[in-house]
Amino acid sequence: MRTHNELAVGLAQHNIHDTLGWFQLDRRDFLKIFSGGLLVCLTGASAWPQESGRSFDDHELPKDISAWLHIAADGCVTVYTGKVEVGQNIRTSLAQLVAEELMVPFDAITMVMGDTDLTPWDMGTFGSRSTPTMGPQLRTIATAARQTLIETAARRWNVPPATPRAADGKVINPRKSQSLSYGDLTRGEKLVKTVSNEVRLTPAKDWKIAGTSIPKADGRDFVTGKHQYPSDITRPGMMFGKVLRPQGFNATLVSLDISEAEKMPGVKVVRESDFIGVVAADAWTAERALVAFQAKWNVPAQLSNKELFDSFKQNPETDRDESGPEHVTGSVTQAMAAAPVKLEQQYTVQYIAHAPLEPRAAVAEWVGDKLTVWTGTQRPFGVRDELAEAFRVPTTKVRVIQPDMGSGYGGKHTGEAAVEAARLAKAAGKPVKVVWTREEEFTWAYFRPAGWIEIKSGAQRDGTVIAWEHHNYNSGPAAITTPYNVANQIIQFHPTKSPLRQGSYRGLAATANHFARESHMDELAHAVEMDPLEFRLKNLSDPRLCAVFQAAAEKFGWGRLRSTPERGFGIAGGTDKGGYVVTCIELEIDATSKKVRIRRVVEAWESGAIVNPDGLRNQITGAIVQAIGGALFEAIQFADGRILNPHFAQYRVPRFSDTPQIDVVLIDRKDLPSAGAGETGIVGLAPAVGNAIFAATGTRVRNMPMAPLNAVPGEQASPFQS
Amino acid sequence: MGDLVLNINGANLHVNAPTGESLLSVLRNRLNLTGTKYGCGEGQCGACTVLLDGRAVRSCLTPASVAADAKITTIEGLEQKGTLSPVQQAFLDEGAFQCGYCTSGMVISATSLLRTTPNPAEEEIVRHMNGNICRCGTYPRILDAVKRASQMIAKGGSR
Ligand code: FES
Ligand code: FES
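Sequence lines, in order, name chains A and B. Under this note's numbering, the letters of the first sequence match residues 391 to 1112, in that order. Under this note's numbering, the letters of the second sequence match residues 35 to 193, in that order.
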């Protein structure tokens, strides 16, 4: 399988995209680009469910074509999709689905992904949408391609179209033991097929390539260092750029002396109103020149961690709040009045950083008025639009290429480095690379929102929950509704003004809302003196979630285990974005140091038919490990417009020594459509840890992180260490 | 500016770099050996790990001039005549990566560990590798890969 990068560069060398503006063309002209073969396009995307997410201009749906697939005369299959690979293994699993429907070996497929000149428009890679939406789209075009090839063969052999069948990259005529490879069938042809209707897809129970653990595409390139990440791209004559950062958020420049920097050999200072940067022939000199700037800033007094949660409640984003509660049933007031068991609690989550190991990076190159940028982003088309707007050029003049990157976890939706590199490249008249430092990534990217959550509940003595009121301030509405059966509910998300720039994160607010809900359910279970699992199952009827609870509990040995002051067991679960998750935790707490050590995690997971079991297991394990950070120790500390812990030495992330024994139990529902699995695996751990801490010590921690490195100001100090 | 001769992956390479420039910067930005990664520049993540005379060092904190007397091995230098080193092969076999950005540093760190401790206990692996961050959280697989590499070496694989 050729990498995206090689292919993209190859096509660029042939100057294909320069001579033909893809989206301006009539679809029939696509074939000129491929000099023949079979091209299958998916149109009329309204047949497909919309991508979820907040508003993205008028691009709610792909306007015209959402994906295409080409079969060349040599039998090579190339699939074009705007989705991107960020470590979630979608390059491999989408190729598996195509190979399955097209009936070709996996290796015959090349995926071209996230290149705005070569792939159809796509909103972005987030929200666990690639598997449930792009998966069926690609399966549809692959199936249509297969049918077209069969029809072509039938015409050649002069047999009814129902006679031939496809297998292993060939069409076979069983009556005469004739066969033609796909390449033979497309050679000399100029076939374009557009599909818009749903076609009959191969059911998961009959899958032979999909549903298996095919290793990561191009895996070898990752152990040899050959794979080129965005920060590894070089261009002829390329220079290196750095950008001057203010001393704090909302700062204004008081004075700037660039004379020392300008004296350095080969250094060019670029100043365009607020934007101040520097380029040099080598990265080291560019860094020195930046340090040589003498800048004075005025940083206004600003909110700190200490005042954060008060500010959330006092600063609603009024226009959004008017939309009212997400969900209301029955009467919470009446039910609360009648409930013999009542609880009211508050929960908090802090801002945390994605800290992808590869920070933001971009290489920008102008050729005339055409801009090409290689950058790491989950939204290449969004970044293309950002660039077009920044430089007031039409989007057709901007090409964004996304080499498979050093991950994002929801943190790379934006194109800061791309715009910076393009600005510097324009001023320098040369290609320019910009790679953010770790400190820049920790400070000038965006954060997972902090949140304040209030839950009020009422239950009968037999454990039936009858009232549930859940308010989330700022962190978000994802998974805010309860999966439990409660007759009387008010559930509301309150958007508020955030002192820090905030955005997407793996699982979004599903982590915060699950932490609050599943901690609270545990508190209720203890209040009615029921086993936490039994209590949950009593209030649950969703069969998928029940099955996942049972699978996790069984593997874990729940019910046979009794917590002691130094060893706690906890359980929590839920569902979001089509994934069902239950997490069981065993942890140790040192009696004197109060150090919490997670020893064992069992997580059961179900998201419909599994496309790649090994890839899925890897994702779920990764989500569990990442969740440990947010649960126990990750928190952004900030004061007066400055991030106080913008280094790995101060902002602790999970390491080998934090990693428990992890058992992932996968439930393969071949009868159900496949949902995405990159995110929701993260949501169960934090509440399960909190519940295990309570089971051991009788102390309930309602603030995430539960055992921070340094106490977060404004929050009740946790008695626990990590 | 100073003229340096660096012995990298068995070849003597001449570079002209200012005194004090880090080995990482020289490798990536002057020699285009981009397999070695930048993750923090502060010695905290291990993405930049290379071998100096077989010992793992953080190239972001090592001035290139200091490395001039040593044999430098980067991730690009582990494969021999198209054959992956046992550690590389073990990472591939275990699928011990997601985005793979930490992999170069992990492979190099594990290589140095197995050189001195061919059959490490799990705690030894954790202690040795704890300076390497995998933000994708593939630690359990990396542990398995290091154990597998150890077995491969015991069965006669090189290094
Ligand atoms: S880049 Fe050297 S340790 Fe992180
Ligand atoms: S695989 Fe992504 S950082 Fe380790």
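Where is the CB? At the ideal position from N, CA and C, for every residue including glycine.
Under 8 Å by Cβ, that's how I've got residue i and residue j pegged, so tell me the actual separation to the nearest angstrom.
{"i": "SER865(A)", "j": "ALA899(A)", "result": "4 Å"}
{"i": "VAL98(B)", "j": "ALA51(B)", "result": "For the record, residue 98(B) in the displayed sequence is Ala; it is not Val. ALA98(B) to ALA51(B), Cβ: 6 Å. Contact."}
{"i": "GLN1009(A)", "j": "GLY964(A)", "result": "The Cβ separation is near 17 Å, so there is no contact."}
{"i": "ARG896(A)", "j": "TYR836(A)", "result": "ARG896(A) to TYR836(A), Cβ: 14 Å. No contact."}
{"i": "ILE531(A)", "j": "PRO554(A)", "result": "Not confirmed; about 20 Å, so no contact."}
{"i": "GLN618(A)", "j": "VAL1102(A)", "result": "In fact, because the Cβ distance is near 39 Å, the residues do not count as touching under 8 Å."}
{"i": "GLU1024(A)", "j": "ARG1042(A)", "result": "7 Å"}
{"i": "GLY947(A)", "j": "GLY1066(A)", "result": "Contact flag wrong, Cβ pair sits at about 30 Å."}
{"i": "TYR874(A)", "j": "LEU930(A)", "result": "6 Å"}
{"i": "ILE979(A)", "j": "PRO1050(A)", "result": "Actually they do not touch by this definition, with Cβ atoms about 14 Å apart."}
{"i": "ILE843(A)", "j": "ASN862(A)", "result": "5 Å"}
{"i": "PHE925(A)", "j": "ALA941(A)", "result": "Incorrect: roughly 18 Å between the Cβ atoms, too far for contact."}
{"i": "THR515(A)", "j": "ARG789(A)", "result": "THR515(A) to ARG789(A), Cβ: 18 Å. No contact."}
Residues of chain B with CB under 7 Å from residue i, in chain order?
{"i": "PHE747(A)", "result": "As written in the sequence, residue 747(A) is Leu, which differs from the Phe given in the question. Within 7 Å Cβ-Cβ: GLY73, CYS79, ALA81, TYR135, CYS136, ILE167 and ARG169."}
{"i": "HIS617(A)", "result": "GLY134"}
{"i": "ARG1042(A)", "result": "Result: empty, since nearest Cβ-Cβ is about 10 Å, beyond 7 Å."}
{"i": "THR673(A)", "result": "One point to set straight first is that residue 673(A) is Ala, not Thr, in the sequence displayed. Those within 7 Å of ALA673(A) in chain B are SER59 and ASN63."}
{"i": "ILE1052(A)", "result": "PRO174"}
Thinking C-alpha only, which one of the options is nearest residue i?
{"i": "ASN878(A)", "options": "ALA729(A), LYS787(A) and PRO1036(A)", "result": "ALA729(A)"}
{"i": "VAL688(A)", "options": "ALA1097(A), LEU643(A), GLY1074(A) and VAL718(A)", "result": "What sits at residue 688(A) in the sequence shown is Asn, not Val. Of the candidates ALA1097(A), LEU643(A), GLY1074(A) and VAL718(A), the one whose C-alpha sits nearest the C-alpha of ASN688(A) is LEU643(A)."}
{"i": "ILE791(A)", "options": "VAL773(A), ARG782(A), GLU859(A) and ALA780(A)", "result": "VAL773(A)"}
{"i": "SER520(A)", "options": "SER1112(A), GLU1105(A) and PRO1063(A)", "result": "PRO1063(A)"}
{"i": "MET911(A)", "options": "ILE961(A), GLY477(A) and SER953(A)", "result": "ILE961(A)"}
{"i": "VAL657(A)", "options": "ALA725(A), VAL681(A) and GLY638(A)", "result": "VAL681(A)"}
{"i": "LEU698(A)", "options": "THR886(A), THR523(A), ASP966(A) and ARG577(A)", "result": "THR886(A)"}
{"i": "GLN1106(A)", "options": "ASN695(A), ILE856(A), THR523(A) and VAL855(A)", "result": "ASN695(A)"}
{"i": "ILE480(A)", "options": "PRO522(A), GLU491(A) and VAL467(A)", "result": "PRO522(A)"}
{"i": "GLY36(B)", "options": "GLY69(B), GLU55(B) and THR83(B)", "result": "GLU55(B)"}
{"i": "VAL582(A)", "options": "THR509(A), ILE870(A) and LEU428(A)", "result": "LEU428(A)"}
{"i": "ILE1026(A)", "options": "GLU829(A), TRP858(A) and LYS985(A)", "result": "GLU829(A)"}
{"i": "CYS74(B)", "options": "PRO154(B), TYR135(B) and GLY190(B)", "result": "TYR135(B)"}
{"i": "ARG661(A)", "options": "LYS632(A), ASN548(A) and ASP464(A)", "result": "LYS632(A)"}
{"i": "LYS686(A)", "options": "ARG635(A), GLU734(A) and ALA725(A)", "result": "ARG635(A)"}
{"i": "ASN1002(A)", "options": "SER603(A), ALA462(A), GLN527(A) and LYS1060(A)", "result": "SER603(A)"}
{"i": "ILE142(B)", "options": "SER59(B), GLY116(B), GLY171(B) and GLN123(B)", "result": "GLN123(B)"}
{"i": "GLY578(A)", "options": "GLY465(A), PRO526(A) and ARG678(A)", "result": "GLY465(A)"}
{"i": "PRO526(A)", "options": "PRO551(A), ARG565(A) and ALA594(A)", "result": "ALA594(A)"}
{"i": "ALA485(A)", "options": "ALA600(A), GLN882(A) and ARG536(A)", "result": "ALA600(A)"}
{"i": "GLN478(A)", "options": "SER649(A), GLY796(A) and GLN724(A)", "result": "GLY796(A)"}
{"i": "ASN640(A)", "options": "LYS928(A), ARG891(A) and ASP1048(A)", "result": "ARG891(A)"}
Going along chain B, which residues have a C-beta under 9 Å from residue i?
{"i": "HIS803(A)", "result": "Those within 9 Å of HIS803(A) in chain B number zero; the least Cβ separation is about 16 Å."}
{"i": "MET795(A)", "result": "CYS133 and TYR135"}
{"i": "ARG828(A)", "result": "TYR72, GLY73, CYS74, GLY75, GLU76, GLN78 and CYS79"}
{"i": "ARG838(A)", "result": "Residues of chain B passing the Cβ test: none, with the nearest at roughly 14 Å."}
{"i": "THR1011(A)", "result": "GLY171, THR172, TYR173, PRO174 and ARG175"}
Name the chain B residues that come within less than 8 Å of residue i, Cβ to Cβ?
{"i": "THR614(A)", "result": "GLY69, ILE109, GLU110, LEU112, GLU113, LEU118 and GLN122"}
{"i": "ARG605(A)", "result": "It is Pro, not Arg, that sits at residue 605(A) in the sequence shown. What PRO605(A) touches in chain B: LEU126 and GLY129."}
{"i": "GLN1016(A)", "result": "ARG169, CYS170 and GLY171"}
Closer than 7 Å by beta-carbon distance: list the chain A residues that pair up with residue i, in chain order.
{"i": "GLU55(B)", "result": "TRP674"}
{"i": "VAL194(B)", "result": "Examination of residue 194(B) is not possible in this model, given that chain B is present from 35 through 193 alone."}
{"i": "ASN66(B)", "result": "THR624"}
{"i": "LEU148(B)", "result": "What LEU148(B) touches in chain A: nothing, since even the nearest Cβ is about 15 Å away."}
Give me the chain A residues within the contact set of residue i, using Cβ-Cβ distance strictly less than 8 Å, ordered along the chain.
{"i": "ASN43(B)", "result": "Result: empty, since nearest Cβ-Cβ is about 11 Å, beyond 8 Å."}
{"i": "VAL141(B)", "result": "VAL613"}
{"i": "ASN164(B)", "result": "ARG1045, PHE1046 and SER1047"}
Determine the chain A residues that contact residue i at a beta-carbon separation under 9 Å, and present them in chain order.
{"i": "GLY36(B)", "result": "None at all; the shortest Cβ gap to chain A is about 12 Å."}
{"i": "PRO52(B)", "result": "ASP672, TRP674, THR675 and ARG678"}
Q: Starting from the N-terminal side, write out each stretch of the beta strand (DSSP E) that is 3 residues or longer and does not extend beyond the region 501 to 582 of chain A.
A: If we require 3 residues or more, the beta strand (DSSP E) runs fully inside the region 501 to 582 of chain A come out as 555 to 557, 560 to 563 and 568 to 571.
Q.
I want to know whether the region 1028 to 1037 of chain A touches the region 1085 to 1092 of chain A - three or more CB-CB distances under 8 Å.
A. Touching, no.
Q: Decide yes or no for the touch test of the region 68 to 87 of chain B against the region 102 to 114 of chain B: beta carbon pairs closer than 8 Å, at least 3 of them.
A: yes
Q | alpha helix (DSSP H) segments (min. 4 residues) lying fully within the region 885 to 973 of chain A | A | Annotation note: the region 885 to 973 of chain A contains the following uninterrupted alpha helix (DSSP H) runs of length 4 or greater, listed N- to C-terminal: 900 to 917, 922 to 928 and 933 to 946.
Q: Give, in chain order, every unbroken run of the beta strand (DSSP E) that is at least 3 residues long and sits entirely within the region 754 to 840 of chain A.
A: 760 to 765, 788 to 791 and 822 to 825
Q) Three or more C-beta pairs closer than 8 Å, one from the region 662 to 670 of chain A and one from the region 847 to 862 of chain A: is that the case here? A) no
Q: Determine, using beta-carbon pairs with one atom in the region 814 to 831 of chain A and one in the region 748 to 761 of chain A, whether at least three such pairs fall under 8 Å.
A: yes
Q. Any contact of the region 145 to 154 of chain B with the region 177 to 191 of chain B, i.e. 3+ C-beta pairs under 8 Å?
A. yes
Q: Please list the segments of the beta strand (DSSP E) lying wholly inside the region 140 to 168 of chain B, counting only runs of 3 or more residues, in order along the chain.
A: none
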